[in-house]
Amino acid sequence: MPDSSQKRITPRAENYSQWYLDVIESAGLAEHSVVKGCMVIKPYGYAIWENIQKILDAEFKKTGHENAYFPLFIPKSFLSREAEHVEGFAKECAVVTHHRLKNDSSGAGVVVDPAAKLEEELVVRPTSETIIHDTMSRWIQSWRDLPLLLNQWANIVRWEMRTRLFLRTTEFLWQEGHTAHENEEQAEEETMKMLEVYKKFAQDCLALPVISGQKSEREKFAGALRTYAIEAMMQDGKALQAGTSHNLGQNFAKVFQIRYLDRAGQLQHVWQTSWGVSTRLIGALIMGHSDDKGLVLPPKIAPIKVVIVPIWKSEEEREKVLKAALRLKEALSEISPELGVFGAVRLDDRDHLTPGHKFHEWEKKGVPVRLELGPKDIEKNAVVIVRRDTGEKKAILQSDAPSEVLNLLSEIQGALFQKASDFLVSHSRKIDHYEEFKAFFSGDGGFAYSHLCDSPDCETKISEETLATVRCIPFEQKEETGTCILCGKPAEKRAVFAKAY
RNA sequence: CGGGAUGUAGCGCAGUUGGCUAGCGCGCAGCGUUCGGGUCGCUGAGGUCGUGGGUUCAAGUCCCACCAUCCCGACCA
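Just so it is clear: in the first sequence, position 450 is 451 by my numbering, and no numbers are missing.
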């Protein structure tokens, strides 16, 4: 029985949600705000977001996109222009109705000034398609203006009923790409290209294996022709949508009159896409890799990649050890530009804490590599190197430290991906009989690959009976006709079913 | 918005059938001592007992309402 006076991470088997919150708290990532459903992202959590931004933004630039910024407020009427979009988004929105406060004469404090009622109410953006498309209609005249490839880093608000730190909060940070193209092929190509950018990022940087595929009619973005997504599996077997990419077709172009003169002088509507990922990725990172000791961060995304913990007894030792530790830190920063980044190598020289205390603290924060440097090591020009994911420890020569650290960082990156992949594979199953399907989801769950017919009723009924929903129809699957898991009618493809966040 | 649980210091908790100045551990501050896996000792700071009503000589404790958080649904990235 753990000593309750020491803060411990709840073993995830007991209560996965509580464990998730404990990891966030003990790592210092975020906390609930005084505003219901909102989240305060602490510096350490935000540093992860900054790394995500940095890497993704570079990819967006590489693929020809430019950043821009559009207003937080959207005229209410914009949301009613695209019929399907209304269905999906006219709900759960924050609405601005007034523009002034005043001091109440009867002493109730600050109240809304009824005289300051807005002509047209403003919706706090739940997504920016409408306001951006309205702008695009003025920017696009000719085929020479296409493709128009925009991206915006912003915050958005969706007044969801139930919230959860990072996974679903009332306000969240994200990136939304919005593009316009000459024809359907180009729009489709863009949609797939950006989904691939997300997939590579999730797998290579976040070390999270994902299944990419198409969303069912029921799950697609309101107003889109087709929606594609990447789905990751969390350690409780539930799915988390980690990114989406939509082919919007001409739906918005027709409503917002986004037209251009093509090469033959004909007036045409543009073909559009939109795609986004959010701070939810941080939630995916936490749920995907953390263990009972706390957060585990893949090196590529970790704000602090290496921590050096010096160990000493006497004042004399302290000076010697700190000097060597500083040399080590410099050597590390010199060898790799990545490690040279401010804060990527941290020397923990606090002298009021014992080494053991520091070990635990940095483990909770998920720092991939720890270097322990004490008098015994100094004698032998050695340093102890410890990896966060396995806890494995070994002594190496100080002069070898930079190359050893770089190797270990990439090894950890690979090992985390492998571990998550093994988990995903071992919790995935092809299922062809509904009884087995139901048993699967009343047990440990995971991803079920089952055939599904085109009827939306089957999809709905399955989710009602098992709580599992269609996450996507994966791109990668064998040509293998079968019969719908529920109704038994012929079906061409398997869908991935899972309980989802 | 329904069903369940919880709410006492930053965190984790104790507080008896209502009763005296509301306690403990961790953490925090100071001093000393330690430092190779959460050192030890002393001193100290820190509280609208979730909020608002009510019952009572007396409420952290009983009653009512509300609020917040967590879990399970509906909604969703």
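Note that the Cβ used here is the ideal one computed from N, Cα and C, for glycine as well.
Pair within 8 angstroms by beta-carbon distance, residue i and residue j
i       : j       : result
Leu-298 : Gln-399 : no
Leu-119 : His-99  : yes
Leu-425 : Met-193 : no
Ala-402 : Val-384 : yes
Cys-94  : Pro-127 : yes
Gln-204 : Leu-57  : no
His-247 : Thr-274 : yes
Val-370 : Leu-409 : yes
Arg-101 : Phe-257 : no
Val-24  : Leu-296 : yes
Pro-356 : Ile-302 : no
Glu-161 : Gly-38  : yes
Ile-470 : Ala-501 : The residue you asked about is not Ile; residue 470 is Thr in the sequence shown. Against a cut-off of 8 angstroms, the Cβ pair of Ala-501 and Thr-470 comes out as a contact.
Trp-144 : Glu-183 : yes
Lys-479 : Tyr-450 : no
His-428 : Gly-238 : yes
Phe-253 : Val-310 : no
Phe-71  : Thr-164 : no
Glu-85  : Gly-224 : yes
Residue range of the alpha helix (DSSP H) that includes residue i
i       : result
Ile-379 : 376 to 380
Lys-359 : 356 to 365
Trp-140 : 130 to 140
His-290 : 281 to 290
Cys-459 : 457 to 467
Ser-411 : 402 to 427
Arg-319 : 316 to 336
Glu-26  : 17 to 28
Lys-221 : It is not in any alpha helix (DSSP H) - Lys-221 carries neither H nor E in the DSSP assignment.
Ile-49  : 44 to 63
Lys-394 : Element bounds for Lys-394: not the alpha helix (DSSP H) but the beta strand (DSSP E), 394 to 398.
Lys-37  : Looking at the DSSP string, Lys-37 is not in any alpha helix (DSSP H), and its letter there is neither H nor E.
Lys-77  : 77 to 80
Whole-angstrom C-beta distance between residue j and residue i, which should lie under 8 angstroms
i       : j       : result
Val-322 : Leu-374 : 6 angstroms
Cys-459 : Leu-453 : 6 angstroms
Glu-364 : Arg-389 : 6 angstroms
Lys-216 : Tyr-229 : 7 angstroms
Val-497 : Glu-232 : 7 angstroms
Val-278 : Ile-259 : Not confirmed; about 25 angstroms, so no contact.
Asn-52  : Pro-304 : 6 angstroms
Ile-283 : Trp-50  : 6 angstroms
Glu-122 : Val-97  : 6 angstroms
Thr-482 : Pro-475 : 16 angstroms between Cβ atoms; not a contact.
Leu-249 : Leu-226 : 6 angstroms
Ser-334 : Gly-344 : In fact, because the Cβ distance is near 11 angstroms, the residues do not count as touching under 8 angstroms.
Ile-133 : His-179 : 5 angstroms
Leu-168 : Ala-31  : Not a contact, Cβ separation roughly 11 angstroms.
Asp-146 : Tyr-261 : 6 angstroms
Beta-bridge partners of residue i, as assigned by DSSP
i       : result
Thr-180 : Leu-150 and Thr-274
Thr-484 : Pro-491
Gln-269 : Tyr-261
Pro-127 : Beta-bridge pairing links Pro-127 to no other residue.
Leu-196 : None, per the DSSP bridge assignment.
Thr-470 : Ala-499
Leu-342 : The amino acid occupying residue 342 in the given sequence is Val; Leu does not appear at that position. According to DSSP, which records beta bridges pairwise, Val-342 is partnered with nothing at all.
His-100 : Answer by DSSP bridge pairing: none, since His-100 is not bridged.
Lys-431 : Tyr-450
Glu-581 : Residue coverage of the chain in this structure runs from 2 to 502, which leaves residue 581 outside it and unanswerable.
Residue i, enclosing beta strand (DSSP E) - first and last residue
i       : result
Phe-498 : 495 to 499
Pro-70  : Pro is not the amino acid found at residue 70; the sequence shown has Tyr there. Run containing Tyr-70: none; DSSP gives neither H nor E here.
Gln-215 : 211 to 215
Leu-249 : 240 to 250
Ala-31  : 31 to 33
Lys-301 : Run containing Lys-301: none; DSSP gives neither H nor E here.
Ala-449 : 448 to 452
Lys-439 : Taken as a continuous stretch (DSSP letters only), Lys-439 belongs to no beta strand (DSSP E), being part of the alpha helix (DSSP H) at 435 to 443.
Arg-388 : 383 to 388
Val-1   : Nothing can be reported for residue 1: it is not among the residues displayed for the chain, which extend from 2 to 502.
Below 8 angstroms, can you find three or more Cβ-Cβ pairs linking the region 410 to 422 to the region 446 to 458? The region 410 to 422 makes no contact with the region 446 to 458; the number of CB pairs closer than 8 angstroms stays below 3.
Mind the definition here: the region 48 to 66 touches the region 148 to 160 only if three or more C-beta pairs lie below 8 angstroms; say whether that holds. Enough Cβ pairs lie closer than 8 angstroms, so yes.
With a cut-off of 8 angstroms, do at least 3 Cβ pairs link the region 205 to 215 to the region 288 to 302? Because the criterion of three Cβ pairs below 8 angstroms is met, the region 205 to 215 and the region 288 to 302 touch.
Are at least three pairs of beta-carbons, each pair with one atom in the region 183 to 199 and one in the region 165 to 175, less than 8 angstroms apart? No, they do not touch.
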